[in-house]
Each structure stands twice: as structure tokens, then as C-alpha cells.
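Here's the structure we're looking at; comments come further down.
Numbering (the working numbering), first residue to last: 153 to 446.
Listed below in C-alpha cells is the structure:
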């Protein structure tokens, strides 16, 4: 995900995530008013609070569509609900959260026949809606399998601060060492292949398959549901509800480019203009349907 607040003057921030299934380590925040700007760690739960604040912002998130007719969004564990074009929708901050959530979303379908899309979606604030932002959809396109697996939205922060002499992204060597540890710690046994990000592939034989958004609860239920989900996650992670964001030094994370840099300039030009770039227009035309390998 990428979140950029707009023209708050004294408290503008930029937040990005790195497609890690980690509620404390995946998200970084940059305070634009700092004399020396650098990434700080921010928790998933604090990101949720900033997303729902009624302040002007641009947002890049991810959307799940499936070939299940009535996928129950009420049972989500790792998704979040926001208002897009006047309608509440289930979204995810990273592709990995969407994949992991499939263990919890209730559907009865043989995994070999399950098909889905993960879309990157660009949003911008319109007006307040019942105390929360109402987002307009600016663009969306389907992620290829390699993009869903390797997407790291740090690339957007890198692009924004590329020529900022007062921006420091530090501790590269330390992060290299930590990355090796993380790699080994992630070699846990995954019994359910449906929840394995590395197990997805593209299916070019079913381009005409009808894919649907998850069915969301009514608007009266959603606010309470979001708070319940966050509370249960905190209990599972032994995090007290009063936990606040700690400002600590962030570490640089390497990422697999896989064409992601080609998206960056066109995406940010798009937010600043009324016309779509040719590259994004072409991406929106491409249908990429994903499946799980056996």
C-alpha cells in the first residue's frame, strides 16, 4: 500500500508497505516536515486509523475478485473496509494479506477450480462520508503472478524522495543480515497451499471467467466489524489496545524489480493530472486471472 496525505502542511505523511505478512514490520511512515526525513516503523493498526481519518489523501491498495458467487467478506481477518465511489468495499493493504485471508473467507469450492484476481487500485479522497473519507477510484489493473508475489510499494517512496538530499534510508547492511534471518524463519510448513503466496500462477485458459467482489455487510455493521477484527488481531498478537506507534529507525528493504519501477512515474503523474498515461491504460485492458498450483 501507499498512503500520502495531501496539503496538511504541518503533519503531512507518506506510508508504504512491503508485502510482508507482519503487522509490525511491513509498514513504514515518513514525516514530511522532519528536517531529516527517514522511514519509521508504524504498526498495521495505526495505519488503519490513518486510512479512516477524514483527511485528503491518495491511496494505493489491493482488491480481491474471485469466481465464487457470494464470497463472505464478513468473515475477513486481514482485510479492511473503506468507502469507494459511495460504496463500502473490502480492500487489502498488500497482496499477501489477500492471499492469507482466503483461509478465513467462507466459500465452498475445490481449490483446483478456484480462480481470482488481485488488482492494484489507485484512490484519491473526495469528501467526508459519515466522518470518514469517500474515495474515488482513479485506476486499477490486474497484477501478474510475479507482481503479486514480489510487490513492494517502497518503490513509490523511493521515487518520491529520489532527489531529496534531506532524505535518509539507512542501515542497508543491517537489513541485508536481517533479510537472511527472515528468509530462514519463513521456511515454516504451509499445510494449506491456498494461503501460500508463492503457490500462485497465471491461468491463461480462463480469460472469460466471471469474477466477483466479496459480498460486504451493510454499512451499519461495518464500523463495528472493523473494530472487532482489529481487536481480535491484537489479542492474537498479544498487543494491548493502547499501544502507540514507536518512532524507531527503519531499515532499507531490497526488492525484486520485476517491472515495478515502470509503474511508478506513470502512477504519480496520474494522481497529479486528469489524463491516464498510455502505460496504465494498456495495463487496465489486460485481464490476468490467477490460480493455485497443485
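Heads up, the beta-carbon is just placed ideally off N, CA and C, and yes, glycines get one too.
Under the three-state reduction of DSSP output, residue 433 falls in the helix class.
Distance between residue 182 and residue 209, taken at the CA atoms: about 14 Å. Apart from the 5 residues on each side of it in sequence, residue 347 sits with its Cβ closer than 7 Å to the Cβ of 251, 252, 254 and 255 in its chain, given in chain order.
The Cβ atoms of residue 289 and residue 237 sit closer than 9 Å to each other. Assignment of residue 357 by DSSP, reduced to helix, strand and coil, places it in the coil class. Judged by their CB atoms, residue 442 and residue 167 are not nearer to each other than the 9 Å cut-off. The beta-bridge partner set that DSSP reports for residue 183 consists of 165. In the DSSP assignment, the residues bridged to residue 224 are 258 and 367.
For residue 317, no alpha helix (DSSP H) run applies, since DSSP gives it neither H nor E.
A straight line joining the alpha-carbon of residue 191 with that of residue 157 spans about 15 Å. For residue 294, the uninterrupted beta strand (DSSP E) run begins and ends at 284-294, by DSSP. In chain order, 351 and 353 place their CB closer than 6 Å to the CB of residue 445, counting only its own chain and leaving out the 5 sequence neighbours on each side.
Per the DSSP secondary-structure output, residue 443 pairs in a beta bridge with 353. Under DSSP, residue 240 forms a beta bridge with 235. Residue range 196-204 is occupied by the alpha helix (DSSP H) that includes residue 196. Linking residue 173 to residue 357 through their CA atoms gives a straight-line distance of about 30 Å. About 6 Å separates the CB atoms of residue 224 and residue 257; that is less than 8 Å, so the two are in contact. Residue burial annotation: residue 274 is buried, with at least 16 other C-beta atoms found within 10 angstroms of its C-beta.
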